[in-house]
Structure formats: structure tokens, C-alpha cells
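Heads up, the sequence shown is in numbering that gives the first Met the number 0, so the first residue is 0 and it goes up one at a time. The beta carbon of each residue, even a glycine, is placed where N, CA and C say it ideally should be. Below is one structure, written out as C-alpha cells; the observations come after it.
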Amino acid sequence: MINIVLFGKPGAGKGTQAEFLKSQYQLVHISTGDVFRYNIKNATDLGKLAQSYMDQGDLVPDSVTINMLEAEVEKNQDAKGFIFDGFPRTTAQAEALDAFLSKKEMQVTATIALEATDDELVARLLKRGETSGRSDDQDEAKIRNRFDEYNQKTAPLRSFYTEQSKFHSVNGIGTIDEITARLTSIIDRF
Ligand code: AMP
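Below, the structure is given as C-alpha cells:
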């Protein structure tokens, strides 16, 4: 079983790459952002709770996010493995993921970061915002707030996974195919 955490700032290309990797390795792709957006669209209680945070570019509280992620994993009992996209984003989430997976005799195989500069990411997100309809992609102040959240709460996970010898990073600038090749060269080692 291969369980990959795709790591990187908003706009780094996690979702795009997850689409390729899930078919290549037959993994289940769980994007916590997508699950939240689905719940907002369907006006569920979870969606109502998450919306105010997402609209501001703030992280949704850990307890809500962790419960949701665990439920998504439980829905896929037959999975050969998972790609976690946008989770974990805090140390508490990473610790909860380790504890949850180990109860199931599973573990994170590798965490792979997609690296790009903030200026490149802002340009990508504003461009995506033209077609995605995502309000958090259309306003540079909200984008910068998402980067601040990342720097404060998510960046510490680099050392969390480095200490477990599971942290890898690839250059996230290039064509989609080039970046997929960089990722697969790491995943194929496992
Ligand atoms: P994304 O689609 O990954 O860019 O996520 C969009 C938004 O969903 C984020 O800005 C957060 O508000 C929320 N979100 C997604 N994943 C998480 C997470 N793991 N923890 C907290 N909030 C999250």
C-alpha cells in the first residue's frame, strides 16, 4: 500500500498532479479542500461551518477537518492506497493522521512537496480564479492570507516528516508532464 501526502502552498499544483498519480498508481485521491467545497455547494452542516473560514483563506479548525478526513478514508475500505492533497496542514492533523493510520496498520509512505515561488503561485491562483469561481482565488489579499496560514501552521510539517525520513521535495515549476515525472521518480522507489 502506498500513501502519499502531497505538500505545498496553494497553487503549487497538488490537485493537478494528484489527478495523474491516482490513475498511474490506482490510488484514492482525497482533497480536503474539494470535500469542503462539495459540502458548501450542498449546504450541509459541515459546509456551513467551513465556509466562513474558507472565504477568508483561514484554515478550518482541526477537529472538524480531522473527523472529515477519517470519514473519507473509512469510505474507501478497498483502496490500494491514498493521495492526501491539502491534508495534513497542521502538526495536530499530522499527528492525528499517523495515529489513525497506525490503528489501521497503515502509514504515510512519503510526503512530497511541490516547490514554487510566491510570485509564481499568486499569478497561477489569480489565473485559476478567472475560471474556478473560487472567491479565495480571486483576491490577492486572501491568497496572501492563505500563504501566511501555510507559513505559520503548515511549514512546520517539513521538519515533522523530515524527522521520520519521509520528506521529499521537487521543483514545481515546469510542464505538467515534467513535474509528474519528478514525482513518479520518487514514488517508484517504494
Ligand atoms: P485547497 O483547496 O486545498 O486550497 O483548500 C481550500 C481551503 O479549504 C483552505 O484555504 C482552508 O480554508 C480549507 N482547508 C482545506 N484543507 C484543509 C485542512 N487540511 N485544514 C484546514 N483547512 C483546510
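Which residue wins for smallest C-alpha separation from serine 158, given the options Glu73, Thr110, Leu120?
Cα-wise, what sits closest to serine 158 is Thr110.
May I ask which residues mark the beginning and end of the beta strand (DSSP E) holding serine 164?
Annotation: serine 164 is outside any beta strand (DSSP E) and is labelled neither H nor E by DSSP.
Length of the line joining the Cα atoms of glutamate 104 and aspartate 97:
Roughly 10 Å separates the two Cα atoms.
Beta-carbon gap between valine 59 and alanine 70 smaller than 8 Å:
Going by C-beta atoms, valine 59 is not nearer than 8 Å to alanine 70.
Any non-hydrogen atom of the ligand AMP within 7 Å of aspartate 135 CB:
Result yes, Cβ under 7 Å from the ligand AMP.
Would the beta-carbon of arginine 123 be found less than 7 Å away from any heavy atom of the ligand AMP?
False, no ligand heavy atom lies under 7 Å from that Cβ.
Would you mind sorting isoleucine 2 into buried or exposed? The rule is 16 or more other CB atoms within 10 Å of its CB.
Rather than isoleucine, the amino acid found at residue 2 in this sequence is asparagine. Counting of Cβ neighbours within 10 angstroms places asparagine 2 among the buried residues, the total reaching 16 or more.
Could you work out which residue in Ser62, Gln55, Leu113 is closest to alanine 95 when comparing CA atoms only?
Cα-wise, what sits closest to alanine 95 is Ser62.
Excluding sequence positions up to five away, which residues of its chain have a Cβ less than 6 Å from the Cβ of leucine 100?
For leucine 100, where only same-chain residues beyond five positions count, the Cβ hits under 6 Å are Gln106.
Can you grab the Cα-Cα spacing for the pair glycine 128 / proline 155, in whole Å?
Proline 155 has its alpha-carbon roughly 28 Å from the corresponding atom of glycine 128.
Please classify glutamate 78: does DSSP put it in a helix, a strand, or coil?
The sequence as given places alanine at residue 78; glutamate does not occur at that position. For alanine 78, the secondary structure class from DSSP, reduced to helix, strand or coil, is coil.
Element boundaries [beta strand (DSSP E), containing valine 4]:
Unbroken beta strand (DSSP E) run through valine 4: 1-6.
For glutamate 104, does the three-state DSSP call read helix, strand or coil?
Three-state result, glutamate 104: coil.
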